[in-house]
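Under the numbering used here, the first residue of the sequence shown carries the number 708, and numbering increases by one thereafter. The C-beta atom is built at its ideal place from N, Cα and C for all residues, glycine as well. Report on the structure given below.
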Amino acid sequence: MNKSLTMKELASKIREKKSTLIFCHRNPDPDTLGSAFALKEILKHLGIAVNVCCADKPNAKFSFITGEDLLNEIKIDEYERAIAIDVGSSKQLGDFSCYADKISLIIDHHEMSERFADYYEDFAPASAMIVYELALELGILDSLGERFFSCVYAGLSGDTGCFKYSNTNKRAHLIAADLVTRGIDFAKINNIIFDSKSIGEVSAIRMAYENVELLLDGRLAILLVTNEMKSKYGITDDDIGDIVNTIRQIQGTLIAVSIKEAGSEGRFSISSRANADIDVSALCAELGGGGHPRASGATLYASSPSEALDTIRTLFSKGVLGYGK
Ligand SMILES: [Mn+2]
708 MNKSLTMKEL ASKIREKKST LIFCHRNPDP DTLGSAFALK EILKHLGIAV
758 NVCCADKPNA KFSFITGEDL LNEIKIDEYE RAIAIDVGSS KQLGDFSCYA
808 DKISLIIDHH EMSERFADYY EDFAPASAMI VYELALELGI LDSLGERFFS
858 CVYAGLSGDT GCFKYSNTNK RAHLIAADLV TRGIDFAKIN NIIFDSKSIG
908 EVSAIRMAYE NVELLLDGRL AILLVTNEMK SKYGITDDDI GDIVNTIRQI
958 QGTLIAVSIK EAGSEGRFSI SSRANADIDV SALCAELGGG GHPRASGATL
1008 YASSPSEALD TIRTLFSKGV LGYGK
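Given below as structure tokens:
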């Protein structure tokens, strides 16, 4: 795969003394937040004024990454440049996608990336890993503090499912080992990301197991979450951010898909996961979405929840039925 920039070129762009606004992707996860705030530490170290912004509010438990420093309202003209991190397409900027043409640099690891600006990518397990490599390239790794290392770890652990997804590689473990030797509280970080659930998230898990639909002999698990269900179970969008990972745990599942009604205008947010070698990003691309081969998403417009469900049943059945053929 071609990179438009080498790591050296990326490093020299980063060194440019320009006040910077960093964009995260919508529905922010630990990788987009961790890599953005780790990059912020790098820029601060280089004496560059910097802020991080996101169109959506993160889950409150990620405040150990963001502190009070994540902007939700921005004045883009106050900055000399804008960088997007972990953002695979301009759509992924959510309500900030109107600023896409102001962004001059993208740092990302999504295979289906739209590359809407100068671009660095190496298909690393996490964008946070690229930011770590960037600090190495800049020769400043040892000058950075605990905050940088914790942010990198959060992103790396977040996107590798605590180092258990198939995207985890030797380099990810070696970097994690380095971060651990630098004294970060990795147990606390992993506990917050993976093992700490609000009552709402627990209700969401109950809702998921009560409502998951198993198709094709259990090889396809689909969960539709309507606005009505959210109020019935007393759950918020935050509580179901990660719900697709709950239904993918059912034995025999090859593909798990969640369909979440978003707002009231027939918009549905689709998240899919593959437990086998099935490229769900290609299926999501048919809906204009994308991501990684085993973890992808899309936005679907449908006139009703049942129409959305029909579309998703048909599309992802294709993936299951084509598997192994
Ligand atoms: Mn990522």
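Taking non-hydrogen atoms of ligand 1 into account, the C-beta of residue 816 is found less than 7 Å away from one of them. Taking C-beta separations shorter than 7 Å and ignoring five residues to either side along the sequence, the partners of residue 786 in its chain run 726, 727, 728, following chain order. A Cβ-Cβ contact shorter than 8 Å links residue 825 with residue 811.
In chain order, the residues with a C-beta atom nearer than 5 Å to some heavy atom of ligand 1 are 738, 793, 834, 866. By the criterion of at least three beta-carbon pairs nearer than 8 Å, the segment 761-769 is in contact with the segment 790-806.
Its chain contains 856 as the residues whose beta carbon lies nearer than 6 Å to that of residue 889, once the 5 sequence neighbours on both sides are disregarded; these appear in chain order. No Cβ-Cβ contact shorter than 8 Å links residue 828 with residue 714. Runs of beta strand (DSSP E) with 3 or more residues, each lying fully within the segment 823-887, are found at 825-828, listed in chain order.
Assigned with DSSP and collapsed to three states, residue 758 falls in strand. A distance below 8 Å separates the beta carbons of residue 791 and residue 730. Residue pairing by DSSP places residue 813 opposite 791, 826 in a beta bridge. In the three-state scheme derived from DSSP, where H, G and I count as helix and E and B as strand, residue 1018 is classed as helix. Taking the C-beta atoms as reference points, residue 822 is found nearer than 8 Å to residue 813. Across the structure, residue 882 and residue 737 are spaced so that their CA atoms are roughly 17 Å apart. Membership of residue 999 in the beta strand (DSSP E) is indicated by the continuous run 997-999.
DSSP places residue 1004 within a strand segment (E or B) once states are collapsed to three. When the alpha-carbon of residue 909 is set against those of 851, 940, 887, 820, the nearest one is in 940.
Going by beta carbons, residue 922 and residue 1016 fall outside the 8 Å limit. Three or more Cβ pairs closer than 8 Å define a contact, and the segment 939-956 meets that threshold against the segment 895-907. In the DSSP assignment, residue 818 falls outside any beta strand (DSSP E) and carries neither an H nor an E.
Excluding its 5 nearest sequence neighbours in each direction, residue 732 has C-beta neighbours in its own chain below 6 Å: 739, 793, 794, 799, listed in chain order. Its chain contains 749, 752, 753 as the residues whose beta carbon lies nearer than 8 Å to that of residue 847, once the 5 sequence neighbours on both sides are disregarded; these appear in chain order.
As DSSP reads the structure, residue 900 sits in no beta bridge. Rounded to whole angstroms, the gap between the alpha carbons of residue 1029 and residue 951 is 21 Å. Counting only the Cα atoms, residue 965 lies some 10 Å from residue 955.
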